[in-house]
Structure formats: structure tokens, C-alpha cells
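The structure appears below as C-alpha cells.
4 protein chains.
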Amino acid sequence: ELELKTTLRELVVYIVFLTDLSILTFGMVSTDMYYLNKVMSHLFLEPSSSEDDRSGFRSIGSRADFWRFAEGPLLDGLYWEKWYNNTTLTLQNNSHIYYENLLLGVAQIRQLKVRNNTCSIYPYFHHFLEDCYSEYRSRAEDRSDFGLRNESEWKYTSASSLSPWYWGSMGLYSSGGYMFTLPKSKQESVEKLMFLRQNSWLTRGTRVVFIDFSTYNANINLFCIIKLVVEFPATGGAVTSSHIYSVKLLRYVTYYDYFLASCEITFCLFIITFIIQEAIKIVKLKKEYFRSAWNWLDLLLLVSIFAIAFNIYCTVEVSLLMEELLSDAHVYPDFYFLAFWQVLYNNMIAVNIFFAWIKILKYVSFNKTMTQLSSTLSRCAKDIIGFAIMFFIIFFAYAQLGYLVFGSQVEEFSTFQNCIFTQFRIVLGDFNFETIEATNRILGPIYFITFVFFVFFVLLNMFLAIINDTYSEVKADFEVIPSQELQIRDLFRQVSKHFCNYLI
Amino acid sequence: ELELKTTLRELVVYIVFLTDLSILTFGMVSTDMYYLNKVMSHLFLEPSSSEDDRSGFRSIGSRADFWRFAEGPLLDGLYWEKWYNNTTLTLQNNSHIYYENLLLGVAQIRQLKVRNNTCSIYPYFHHFLEDCYSEYRSRAEDRSDFGLRNESEWKYTSASSLSPWYWGSMGLYSSGGYMFTLPKSKQESVEKLMFLRQNSWLTRGTRVVFIDFSTYNANINLFCIIKLVVEFPATGGAVTSSHIYSVKLLRYVTYYDYFLASCEITFCLFIITFIIQEAIKIVKLKKEYFRSAWNWLDLLLLVSIFAIAFNIYCTVEVSLLMEELLSDAHVYPDFYFLAFWQVLYNNMIAVNIFFAWIKILKYVSFNKTMTQLSSTLSRCAKDIIGFAIMFFIIFFAYAQLGYLVFGSQVEEFSTFQNCIFTQFRIVLGDFNFETIEATNRILGPIYFITFVFFVFFVLLNMFLAIINDTYSEVKADFEVIPSQELQIRDLFRQVSKHFCNYLI
Amino acid sequence: ELELKTTLRELVVYIVFLTDLSILTFGMVSTDMYYLNKVMSHLFLEPSSSEDDRSGFRSIGSRADFWRFAEGPLLDGLYWEKWYNNTTLTLQNNSHIYYENLLLGVAQIRQLKVRNNTCSIYPYFHHFLEDCYSEYRSRAEDRSDFGLRNESEWKYTSASSLSPWYWGSMGLYSSGGYMFTLPKSKQESVEKLMFLRQNSWLTRGTRVVFIDFSTYNANINLFCIIKLVVEFPATGGAVTSSHIYSVKLLRYVTYYDYFLASCEITFCLFIITFIIQEAIKIVKLKKEYFRSAWNWLDLLLLVSIFAIAFNIYCTVEVSLLMEELLSDAHVYPDFYFLAFWQVLYNNMIAVNIFFAWIKILKYVSFNKTMTQLSSTLSRCAKDIIGFAIMFFIIFFAYAQLGYLVFGSQVEEFSTFQNCIFTQFRIVLGDFNFETIEATNRILGPIYFITFVFFVFFVLLNMFLAIINDTYSEVKADFEVIPSQELQIRDLFRQVSKHFCNYLI
Amino acid sequence: ELELKTTLRELVVYIVFLTDLSILTFGMVSTDMYYLNKVMSHLFLEPSSSEDDRSGFRSIGSRADFWRFAEGPLLDGLYWEKWYNNTTLTLQNNSHIYYENLLLGVAQIRQLKVRNNTCSIYPYFHHFLEDCYSEYRSRAEDRSDFGLRNESEWKYTSASSLSPWYWGSMGLYSSGGYMFTLPKSKQESVEKLMFLRQNSWLTRGTRVVFIDFSTYNANINLFCIIKLVVEFPATGGAVTSSHIYSVKLLRYVTYYDYFLASCEITFCLFIITFIIQEAIKIVKLKKEYFRSAWNWLDLLLLVSIFAIAFNIYCTVEVSLLMEELLSDAHVYPDFYFLAFWQVLYNNMIAVNIFFAWIKILKYVSFNKTMTQLSSTLSRCAKDIIGFAIMFFIIFFAYAQLGYLVFGSQVEEFSTFQNCIFTQFRIVLGDFNFETIEATNRILGPIYFITFVFFVFFVLLNMFLAIINDTYSEVKADFEVIPSQELQIRDLFRQVSKHFCNYLI
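Protein chains in written order, with full-length UniProt numbering: chain S, 1 to 504; chain A, 1 to 504; chain P, 1 to 504; chain R, 1 to 504.
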């Protein structure tokens, strides 16, 4: 009776907590963010077909293409000075992208270089080659002045230690570099870029160029922080990537926002209560506490404290940045920093709520069928894990084979992680067999067919055999045990009685 | 014996009913409808390659693109005034699209706007921004005159309460708005559109533009009702969608149509009989009646009454609209209204016949194998549902994780529903892993691999284990029970005897 | 002992027969055929990018596009009069496509029309519409002279009763029509086509146009028969399809061909022996004979007699056609007729050999494991079929739902058959969910998710449950029966002994 | 106790060996190789959009297209003489592709021809056709001088017997031919190619053209060897293929390379020890030795000896080639030869390490769950193989059906191997049903549906039934046997004790 009551109370509290958390998280993401991302990427990443195809951001393949993009589509996208019927748009000399998104301050362009002779040339080639620029590594970075040496774009500026490094396809780039901001008008920007191009601002040692800017859309109260990255690997050519983050940095504007704020406060209260509860539990149970997986899940919820702290920090930081921007419109405001942490915070919350949902399974086991099923899963867990180890030894053996044979030719196999992902996709049926076959006409098909036969036909079925067998056993066991359905009915009766009492 | 006879009679009657219903529904849809849709969407939605790519409807990305489409491909598609060898086509000043489809009346263009200052600008930005147009909501709608204020396109016209609201990607749009019709000739239309463009008919507050027109193809007696929608979200940019409905509004033209009409009458008779039967059953069984799932299926069939009522209404309404059109060719005839209901009616019938087919399973259980299989399915239903609940808790936890992490970047995760659909597609193997990985290089692969492992490798197999185990049990049970094959033989003998008697 | 010997002899004979048949069929198809098809379809079907995209065959969307294709890419492809360095190619006024494929005679263009007023116009529209051309049906065909009425292109020519009708997307077209051949030179052809275009050879009643020609490649001894079809449906617009058959009509040229000929003779002998054997069996066993599925398979082999007959007929017919062509180069030689039958013959042989392979399963059951497996399959066949009926009732209910709801919008659901194929593809994971969702935002996802859940998650697993259960039973049964491995060892000993005796 | 110790020692030694091998192989492949391949294929294989689409390598469809490619994109790609801001790049008259990749020597172009009248023309066509060039076979090769007969491009040069033949889509090409090298400057190259085009260097008998060149990137110490192949089949048209190998021919440059070298030496020592061990085992066990599959795996490792030998040979050969190149920059250095063997060597090592990983399964069987699972797999192996035979008879019967019916039209069925691969892909869900249906509207869907039903629904489930049943049996058996978990605990205790002793 007593036990039932506590279980009941726990369940009700947990559902309230979960509802609060769900409202909070759904308040964080809105479809507007997706649409804002989409229109921005349409504008900056896709080629405008009126000109030739090479000018799109994604088709940048060399240093020449970079300048073509920067002087063309980039500036066209950044400076919207006219309304569609040719009347002028500009108010107070600001650019409104798509007429709705205010460009905050100006855009910043930044490059990182490596020093000459950072790699050794084999004696044979000393005759032909004099310079050698290695891939980007922190040690090989060039920080000396170059070119005209007179302005910030020719001088190395080191960054504050807090700003996040950028993890590109080719390496981890530091946050300093040779940087400059574009002027406020389109015409001046074109001239500045042309000047830099003619004075060879991009050198053979240049390994990466970043283009950063931010916009604010007042209609939907969203910042859009855009980072376009062009890496120039040591192989020649160029690899592009882009990051467009739509974030809600000004949190409390509409009435709905205030409702969310109240949810956040509720959430804080819950977290405090949880901390106290868990602390009591730990003290009581000591080592025993850490044996239960459910308790580990509880501990996981405690990371939410960081989320709360970040929330407060973010609000402060935005106001500081905005004030700086208000005083001087020609400065580049570094919102990327905030957006990066905001996204990290969102991900943290997302993982949190995922485990919060999983925890519900702890409470659903009052029903016989449910218990039967969950005990099947927990009983076969050991066998499943045992088999998973065998499965993944073979899986990784195939992954390494794929990496060594196809790695230098096929994108899906170009790194070891990609091989693993690709093999999961083969199992699901999403696969490009032609490229494999074109790369190696003998090993390609052998790899594919043996993989499908052993992994898809044979090994995958072992999982099923294990589960099937365990289920039969569990079901046989349960038929002996008397049903606990009675208890659940009692529980519901209790709930209704409680509820009535509460109302009276 | 007696029971057998009634079962027999029921089965025969049911098969007749199902045949009648099938003929009816197959008469409703024809491949011509698909081809008509296809050629129309080819004409209006795909870019005509002779001009530049931006002019296609689907590539509209800003207000400027809209005018480019409206003045170019739209008018080219609407006004076919010449035969391919340059001889003139026009008879009585009408446009024949593809030489075969008569444009009914004229096209109508309609926009909806929102008021300025319908959202609050954060204090920081008062310096930079003055106007703020929120997303479209009924409350924020702008209904005041604007621009030249002299004609219908500058004045708000409210719509009749019956016409359906439009459910777009961004919201639910009312059916009123600032509307105008295009003139009968192409040259005048171009001038009208240019005039509107230069006078800024599309404002910053414009949130959606509808282009509506209808055609009639006498060769195959089909109306084609076309609605092109361009939404201008508060984020900037534009989102397009289109609805092309080919419907047969004039039902009784050919001999085949009259045959269908007779089927419809038969159907009505069946429905009346069913109503009486079910009424009797309900009176007899009272509460018991609603316990059987089959009886619920029977009740579902009764929604067909609405279908019959709609049929009559539709025939009347079309004749009224046609008469209005005959008296004045410069009017826009609102067939969209009818097409919308016709499509709803078709869907209702489609769901109806789906359940009618499922009901056949009630009658097939005369055979031992069949009984064995259907009792397997019904016996494991409880376990399946129990497990489905557990399955979907985990499934939804993943969906929410996906929504929060990828929602603002990847289209497949941009809404919570989309996340659910996407996860079903992952299970089937139809998935775009690259975009997930590009969005989040850490959580993307973790999400994907754990989802595949837990859901595809482990949980999905539980369904199988449940079914497998139940089947073994049922089969063991049936081996004890004496075969009922005898009865089915008797039944068939009865059928043949009956049939002979009937013939004599 | 005796039984073993006969089994042995039968098996050896059957393997010889199967080897002979395999050589024969692999001799029929060569990779050259595929490459010939590919280069031809590249030339005629894909747009030549130097001109604008509309000119490709597959992008024909109206009567104007047809003329643009015919006067452009078609004639460019047909008449190769120059070598790539501008020296002239033509020998004896013949065109060599890709310098290697001789154009046989000339190309023929043929159209079919329907009469005016072949459908009834609803009274409302008598005011707007005067003409009405129904879809193509044999009854509605127009066979009267039209236009200039002076030459074959303006006069109806009926076809010989033997030539096959053409089964297009819109109907079954007769083989007569208004036809003309292109002149031998490119310049004259252009003029002829322009003349026809200006005199409106294509009318509103035109429903289909066929372009036919054949080439011969002496390097690989293959004919290539090409038929390009443009259908003009009653909805307006155009639908294209193409048939390119590479066939080896001259069979006996190289030494390898003579080897194949000897195989063919061996095959004839086998067939004759089989016929006699089966005839004896039938006489002996009478009705009993038709009870065994293996015997039905044997009977199926007898259709090969038609193949032999066709072979002889084809050789005669080709020589007749070639002689006609030799006497007059300006005639169109109708190889399509032969290619059509050749392809039919190939398909017949293909199905034949498929069943011949399946028959091998009859002989592999000498091994215990094999017997166990094949008896599992045969024992669960009844249950599988029983369940397949239930499965397909639900499957077809879904197919009909899909057809009625999505049929008029989505190509994959545009006919009832397509719905069935599409649903199989959903099960395998090859599916385009977006189009379904765009068509119907409510029913689309419901259809998809319930289909996946019931069919993929639940019903599909029933097959497995049935097989699994039967296998357990069969295995349990076999453990009781003593092994027959002994016999198979004996058999192999016998084989080796026999073989030794044979050698001595 | 003693047994345990040896097992322990073996395991530790094996893990060290595997780690060494893994470091070695991961050192062989780097992501740079993939990026180098990618930028090179971007430059030479994809069309440069500024010009018209036909000029890309992959769209070559005739002899004229070949010259257009060779004179355009090929030379643009080969000769980078200017920096992006138009300052000149060239140092010492060398071309630096992408400013980073030194073109080694010059490019070589080579063709192979067949003789006229290498096939027989059927009597009917003697009137129309005089020449007949068969497909490329060694016997039909033309080795006589042609054209101007004065320089190497008009004279046949035979190749050294060691250089590998090229296995193209159409045949196996010898390594001799009519070859020439391009001059060092772009202008001269254009003139040379134009001269050859106007003098018809490509004849009707030309069957294949090879373009070969190599680059070296000092930044990452990689050679890139490129071979572009255009085959002109006897059917007309052209088929292109390309091979881009990024290989590290100069192995020992950086410190990391020296670390890898030490790994290589360790590997050699291991291999020597293994050889001795296995030799002893063979002597001891004699015939018994070859009965165990694990011993066969051990023997497989011995192929590594070839790898070591190749390694030494390669280092010598590169230095010889480099010296030749240093003495004369106008020569074509044949690195293709080395790259080909390097890739073969990589593949050999890859297969080796795959089996080395699989061998680990031998050692994991100390745990009860593991033993249970691996004994399940080994016990059902016989049944799986038995069933696989039955499965593949039906599978091949379908493959042959597909080949005969669709082989001449659909690329996925164009060879018998492709049919097999395609059918595996159907099972996984990666399939293009439309092309099958377009090829044969009757047999296409029948083939597809019966294949999916029998193979995917029925046969595939048999694998599962076999595994499932065996697993139940094995599990039942193991419940009787006492656990061996004790031993594994002992083992770990031993390990720790040993380790402690070692440290002291």
C-alpha cells in the first residue's frame, strides 16, 4: 500500500517534470529557424543561375574561384540596397538582406597561412621545387607580416583565448589570423577585394579563409550567424564548408517567451529538488547507489546546471556586444562565439531530454506485458552485448578492408569513421555500388557480396535468434508467476481516490 | 446448417457490395487525370529552358523572382494564341492551353498582408529598424486600403464564410485578400502586371500570393483547377507550393457514366439496407454491439451517406457556376472550392473502401490455415500493442533528439512530424546520412548508429519474437482441435446447390 | 542399386542438357548489344548540349517540340556525312552513323489520328468549343485523306494483318496510318519536314507519331532497330517512349556461330527425346502424370518447339527483306517486325531456361541437409500460400487506397499495377516519401506509417514465423530418420566406376 | 595451468602483432590521398562550366568529342602557367597544377588499332560496306605504319614484357601502340594536337586511346599517377574510364615515416618467427595441420613475404626513374607501372589484415557467452552452406533470366556478374525499378515481384530459421555444461601477476 503510494507520487512528479522540460525544449526550436537557414543558404551557397555556374560558393575549386565568388555572389548577397522595383531601400546606410534581415555591423574576412619550408623536399626534387608549404598545423603557422605589411590584413592578429577553434575538414584552425572587415558600401567593398586580389593577399601558404557575418531578423526575433569557410589543402584545390546558425539570443520579448521563462524557473526548482534527493540517496546507499543504471541516468540530469549557468551568461554577453555595435557600426560583432555555445547548449539539453524520456521506461513496468517485454530486453542484454562484440570485430575487419582498398578513391570510405557509417548504410540498403566497383573491379564486388552475405544474411539474424530465444524463456517463466495486474488496478483506484481527496 | 446458410448469404451479399463499390471507385479515378496534372505542372512549374533558370515557378526565391515568373512563364502558359506553325488559334477570344484545354474565364491573383508593428522590436534595434511585420496570423492581418487605393487590387475584399481556408507551409490563410483578375489578352496582362510591380503591389507586409485559374478539357471531360501559392515568410525569401486538381465535375456524359450512375444507385440501396440492419442490431445488442471491432467497421461504412449528399450538391453547384461564367467571360469562376470538396469526398470514399476490403478478413476464416493465422494475429495483438508502446517511447525520444539537434538545419527534421517520418524511412533504408553528418559531426553519427543498432537491430526483432512465439503456441493448440475443413466443404456444396436451385 | 543407377544417368543427361542450353542462351546475348543500344540512345534520346535543352527527344512536350526535334537532333543523328576532320565520309550515298553503323534504306515517319467529334461536348461548352477529339481508340480512328491529299503522307495506308500493334502508354495503336519516308540526303529531309510543318501535317486529331529506322553494324554483325514514339494524348502535351533493339538476325557468320549452331542441333535432339519420354510417361501414368509439379515443368520445356520453328522462319524472312533492300535503297525495310519477334523468342527461351534451372532442385535432394531444407519449403508451402492470401488482401486494400488518394498526382501511383509495384518497393526501402506527403498532408503520412507498421513490422514477420516453426518440426522429424548419406557415397562410387569403365 | 599460460602468451603476442600491422596499414593510407584524387578528378574529369558541356572528359561520345577534350580541358588542366592574378607562375619551364603539383616530365598519348577486314561481312552487305574493323583482340591488332609514317606517333612501338596490360570495359589492351609525348609548352601542344587531328591520327580502326601523366606534390610527399582511357568500341561511340592513383613512392622522408619503418622491421621479425613456428607445426602434425581452418589463416599471413620483397624493389625502381627524369625533362616517366603494383600490394596487405582480425575470434572464446555464440555459428555452418547452395541455384536462375531479358537494355543487367550484384542490391532495397519496367512491361514486373516474394520474403527467412533453431539447441546444451568463467578469471589473475613480476 505504502510502496504503491510512493510509486504513484513519483510517477506524477516525473510526468510534470517531463512536460515542463518538453515545453522548454520545444520553445527553444522553431520552424522559423529552419526557414531562415534555408533562405540564407539559398542566397549565399547556391549559384545564381543568371551568371555562370562556377560562381557558386560550393563550386569553389581554386584560389581564382574564391575571388570570383567573393567579388560576385557574396557582395550581391550582402548588400541589398534596392527594392525590387529599383527604388532605393537603404535606411541609415544599413543593408537589409531579403529586405527583412538587418546585417549587423560589417562582414569580416580572415585567413590563416603556413610558413614556407615547413616540410622537407626529397633530394631528387630540389632541382624542380624550391618552396614547400605543409598542411595546416599550429606549429607550422605563419604569423609574420607579409605583402604590403601596412594594415591589419597583412599583419597577424592573435585571438582571445576564449574564442573556439574551428574544426575543419583538414585540421583544427586557431582563431587568430590576417583579418579585415568589408566597408559599409558595396562599391568600396568591390574595390577593396580587387585591391587585395591584385596584391596577392591569398598566397601559396594560405590554408584557410573564413568569411563571417551576422544578421538580425526583428520579425521573428532571430539572429542568423553565418560562417563560410574555404580551405586550401596542401594538395591544391579548395574545399568549402559553411555554418549557418539561427539562434534566439534575445530570449524574453513576447508573452510566450515569458511563459517559457516561468517554465525555466520551474525547471530550476525541479533540478534543485533532484540534487537534494540524489544527495540524500548517495549518502544513504553509498557504493550501492552507483550500481543501478537508473541512478546513473538521474545523475545525467544534473548536467542541466551548466545549462542554467550558460543561460545567464549568454543574456549578459549579448547586451555587451549590442552596446559595442550601437556605438560603432563599422565593427564586426563576433556573435559566432555566442552561437557556437548556444548550439552546444541546445545539444546538451537535447541529450538530456532524450535520457529523461528513456527514464519513463522505469515506470511503465506495472503492467504484466510490459514487464515481460522489458525483462526480455534486460535478460538478453548480456548475450546481445557478447554477440555485439563478435559482430563488431567482423564489422571493423570489413571497415578496415574497405578503408585500405577504397579509401583513396571513394568519399564514403575516405576515413575510417566513414567506413563504419557506410557499412551501416549498406545494411540498411543505402549504398552506391557503382563507385566501389569502378574503384576495384575484383575486390569491390567481393567485398560487397561477402559483406552482405555474412553480415546481412547471417550475423544480423543472430540478434534475432538471441531475442527470440530469450522471449520464449521469459514468457514461459511468466506463465508460472501470478499476474500483477491487480496491483495496477489498485494503483489507478488510489490515483482517483487521491485526486478526489485533493479536489475536496 | 442454418448458421452456414446465413454465413453463405452474407458472404455473397458482401461480395456483390464490394464489387459495386470497387467499380464505383475505379470509375472515379482515371489515368487521364494523372496525365492532365503532369502536362499542366510541366507547363507552369518547370522552367522553360529557353530562358534562364531563375524564371521557373519552383525557383522563386524573392519578390523580384515572383514578378519575373508572373510576367514570363505564367503568361506564356496561360495565353496560347498561336498554333505551332504560327497560324492564329484563337476562336472567340479564348485561350486553349496545349490547344486542348479551354481556360475558363480569367485567372485571379490574390495577396494577403500583415500590418506593420505587429511584433515588438527589442530596444537595442530601435536605432536600426522601424518596421516590423510578423508572420501571418489572422489577428495580424492588414485589411486597410493601400497604394493607389482605387481598385479591387488595393482594397481588401472579404470572402464568403464557406470557402475553405488555405493551409500553407507557414500558416492557415483566410480566403479574403487584395485580389484582381488578369485581362483576356496577353498584352494587356503584361501591362497590368508591370503597372502593379512599379507601384509596389507586393509590399514588405505581403505574406502570401495566390494565383488561381481553371481549365476544361472537353476531350476527356475533365476540369483542371490550378492554384499556385507563393508564401513570403517573415524570414525573407519565398516558399512555393502548387495544387493541381483534375476533377470530373460533370459526371454524366458518356454511356459509361450512366453505368456508373446505376452503380451509385445500387450503392445507395446497399447503404440504406445496412443502416436498417445495423439499427436493428444496435437495438437488439445494445452496449454489446460496440464491443466488437467488426461492428465499428460497419458503422464506418455509414459515412458514405455524406458522400451521397455531396454528390447531389456538387452537380447543382457546377451548373450554377457554369451559368455565371457563360453570362460574363471576364469573371474568375471559383472552381477551387468544388475541387477541394471533390478531393475530400474522394479521400473519404477511399478510406471507406479500404475498410470494406479489410472486412473481408472476417469471412475468410472458414479455412483451418486461415483461422490459425488470423488467430495468431489477434492473440499476439495485445503483446504487439504493449511492445509498440515501449517501441514508440524510444522512437519518440529519438525523434525529439533529432528535432532539437538537426531541426534548424535539415529539412527532414524541420518539424517534429517530419522527424517521425524520417525515422521510419531510416528503418526502411531511405536516408540522407551526409546532411546529418554535415550538421553535427559528433551527435549526427552517434544518433544514426545508436538508432540503427537499438531500433533496427534490437527492437524491431522483438516484433518478430512476439509473433513467432505466438504462432508456435497457436499451432500447437490447433493440432489438438479437430479440423473444420468439413464445414467449408459443406458450405461450397450448399453454394452450388443453392445456385442450381436458383437457376431452375 | 538399380534406382541409383537410373537417378545417376538421369542427372548426367540433365547436366549435359542444361550446359547445352546455357551455351545456347549465352550465345544469344552479348555485351555488344548493350553498348550498341547505349550509343544509339545517347545519340537520339539525349539532348545535344550545344543547342538548347528543349531539343532532346525526351523533353518533347508539345507539337512544336516535336518538329524542333525532328528537324534538329534526329536529322543530325541520321545523316553522318562528314568525318570529324571535315573530310567527306559518304560512300555510295549511304549514311554511316558513328562511322560504323550503316543506315539501312531510309527512315519512316507515321502518324495515327482520331476523327473530330468522337466525344460529346457538354451543353454548357457548345458556346466555347466546337471540336472534340477523343483519345485514340480503333473505332475513333480517322482514315480519310486530309491536308494536300496528294501523297502517301496525306492518305491513310492500312497495314498487313501480321505486323504487331504497338502498345503505348495511352493505348494500343494499329499498324497503319499516314506515313512517309525521308529522302536520302539531309538537305532534302530538312526541306520535306519544313514543308510538312508549314502545312500542318500534325493536326489536333493526331494522337501518335512513330519514327522507324534500322542500322546494321558489320563489325559485330548486329542489326539495330529503332522506334521512337511520340504520343499526343487528349489531355494536351506529349509523352515520348523509345524502343531500341539490337538483334543478331544473321546468325551464322563466324566459327563461334557454327559452334552455336551445333548446340542448337543438340538441343533439338534433346527436345525430341524429351517429347518421346514424356509421351510414354503420359500414356503410362495418365491422370497421375499431371499431379506432379515436376512433370508440369517438363511440359513447359516443350514450348521450345516454337523457338526452333521461329528460328527457321526468321532466317528466311531476313534474306527476303535484304533482297528487297538491295534492289531499291529508297525503301524503308520493316525490320521492327522481326526484332519484335526475336525479342519475344529470346524472352521465351529465357523463361524456359529459368525453369530448367529450377528443375535441378529435383536432383539435389540426395543429401540429408538438402532434403531437410527442401522438405521444409514444401511442407510450409500450404501455410505460406494461406498466409499470402491474407497478406495480399491487406496489400491490395492498401494499393487501392493509394490509387484513389494519390493516383491523380503521383506517378508511382498512377495506375493500379504501379501501386502494387510501389508498395513492394516501400517494403524494400526504395521510396519517395516527399511526393506522397506533398500530395496529401494528412492521408499521405498516415498511409505510409500504417503501411510500414502493419506490413513491414507485423505481417512480413509472419512469413518468418511460419518458416521457422516448420523448420523446427522438420528437423525434429529428421533426427529420427536414419541418414541417407550412405546412398550418396555409393552414387559417387558408382559414377567413378562407370567413368573408368567408359574410359576402358 | 600450463595451458592457460601458453594461451595467455599467445594472445599477448598476437595483440602486439596486430597493433604493429594496424599502425603499418594506417600509415599506408592517408586522407590526403583522397583529397589529391578528388581535386585531380575535379580538374580533368568534370566539365568546366564556362565552356559548353560537351567538352568534359566523361561526356566524350565520339572521336570529335575526344579532340575537343584533348585540345581544351586537358591542356588547360596540364599547363598552369599563370597565378590567379595573372602574374606568371612558371619556374624553370615546369607546370605546377593547382600551383602545388609538379607535372613530372610530359604527358604521353598512345593508341591501339585493329586491322581492316578482321571480321567477315555477310554477302548481302558487300554492296554497301567495304571495310570491317573487329573489336580489339590481340590477334586483330594493327602494327603496321600508317598516315605520315615518319614519327613515333605513326609507327608501332612494342612495350617491355613487364608493363601490365590494361583491362578495359571492352577488352584487355597490350601496352605497346602508336605513342607520342606532348611538348613542354601549351601553345606547341595545341598545334601538335591540331596537326594530328587534321591528319586523321584517329582512324576507324582505332580502338583505344590512353593519356598518361604523373605529378608530384612535395607538400604531402605524394605522387599522383593519372591514366585517362577512351575506348572506341566496334559499335561506334566512345566509352571513357579513368584511373587516378595517389601513391607514396618515396617512403622515408619525415620522422613519422621512420617510425613506420621501424614497424615494418618489427613486422618482418614477426613474419620470420611465424614462418618458423608454422614450419615446426607442419613437421609435427603433418596432414593433420591442414585440417584446421585456423592454420590455413596462418598460412595466408605468409603472403606478406611478397609485400616485403615488393617494398624493396619499389624503392630501387623509383630512384632509377627519378634519375632518368632529372637528366631529360622531355621524357614521359612511366610511374603507372609502379602505381599499379603499389595498389596491388596495398590490396594484398588489406586482405591480409582482414584475416588477421578474423583470427582474433579464435582467442575470444574464453567467455561462456562467446563460446555459445561462436559454437552456434560453427554448428549451423553446414546447414547454412547447404541452404546457400539451394539459395544460389534459385538466385542464379533469376540472374540468368534477368541477363537474357534485360541484358541488352539495362546497364545493371548488361553482364552476368552485374546481374548478380544487382540482385543483391534488390534484396537490400537499392534498385531502379523504372528501367526494368520500361524494358519489358510484362516480364519486368513479374521478375521483380516473384524475385522479391520468393527470395526476400521466403528464402531469406530460411537463413534465420536455421540460425534460430541452432541457437536454441546450443543454448540448451550449454545449460548442462558447467561454466568456464572461472578459467577466465584465473587467466586475468595470471596476467596481472605476470605483469607485476615483469615490473619487479
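C-beta atoms are modelled at their ideal positions from N, C-alpha and C, and glycine is treated no differently. Every value quoted in this text rests on a predicted model; they were computed, and no experiment measured them.
C-beta contact flag for residue i and residue j at 8 angstroms
i                     : j                     : result
residue 135 (chain R) : residue 233 (chain R) : yes
residue 436 (chain R) : residue 429 (chain R) : no
residue 402 (chain R) : residue 447 (chain R) : yes
residue 235 (chain R) : residue 100 (chain P) : yes
residue 106 (chain P) : residue 245 (chain P) : no
residue 103 (chain S) : residue 97 (chain S)  : yes
Assigned secondary structure, residue i (DSSP; H/G/I helix, E/B strand, else coil)
i                     : result
residue 322 (chain R) : helix
residue 231 (chain S) : strand
residue 97 (chain S)  : strand
residue 42 (chain S)  : helix
residue 249 (chain P) : coil
residue 243 (chain S) : strand
Neighbour list for residue i in chain S, Cβ cutoff strictly below 7 angstroms
i                     : result
residue 425 (chain R) : 433
Contacts of residue i in chain S (Cβ-Cβ under 9 angstroms)
i                     : result
residue 197 (chain A) : 84 and 85
Proximal chain A residues relative to residue i, where beta-carbon distance stays under 8 angstroms
i                     : result
residue 246 (chain S) : 408
Nearest-angstrom Cα separation, counted from residue j out to residue i
i                     : j                     : result
residue 45 (chain S)  : residue 347 (chain R) : 39 angstroms
residue 476 (chain S) : residue 357 (chain P) : 45 angstroms
residue 199 (chain R) : residue 59 (chain S)  : 38 angstroms
residue 231 (chain A) : residue 43 (chain S)  : 17 angstroms
Residues that residue i contacts on chain P, provided the C-beta gap is smaller than 7 angstroms
i                     : result
residue 383 (chain R) : 369
Residues that residue i contacts on chain R, provided the C-beta gap is smaller than 9 angstroms
i                     : result
residue 264 (chain P) : Here the premise fails: no neighbours, minimum Cβ distance about 16 angstroms.
Neighbour list for residue i in chain P, Cβ cutoff strictly below 9 angstroms
i                     : result
residue 119 (chain R) : 218, 219, 220, 221, 253 and 254
Chain R contact residues for residue i, given Cβ-Cβ distances below 8 angstroms
i                     : result
residue 462 (chain S) : 373, 376, 377, 467 and 471
Residue span of the alpha helix (DSSP H) that contains residue i, given as start and end
i                     : result
residue 347 (chain P) : 336-359
residue 25 (chain R)  : 2-28
Amino acids of chain R, ordered along the chain, whose beta-carbon sits closer than 7 angstroms to that of residue i
i                     : result
residue 204 (chain S) : 99
Segment limits, beta strand (DSSP E) that includes residue i
i                     : result
residue 207 (chain A) : 206-217
### Query
If contact means a Cβ-Cβ distance below 7 angstroms, which residues of the stretch 308-329 of chain A contact chain B?
No chain B is part of this structure, whose protein chains are labelled S, A, P and R.
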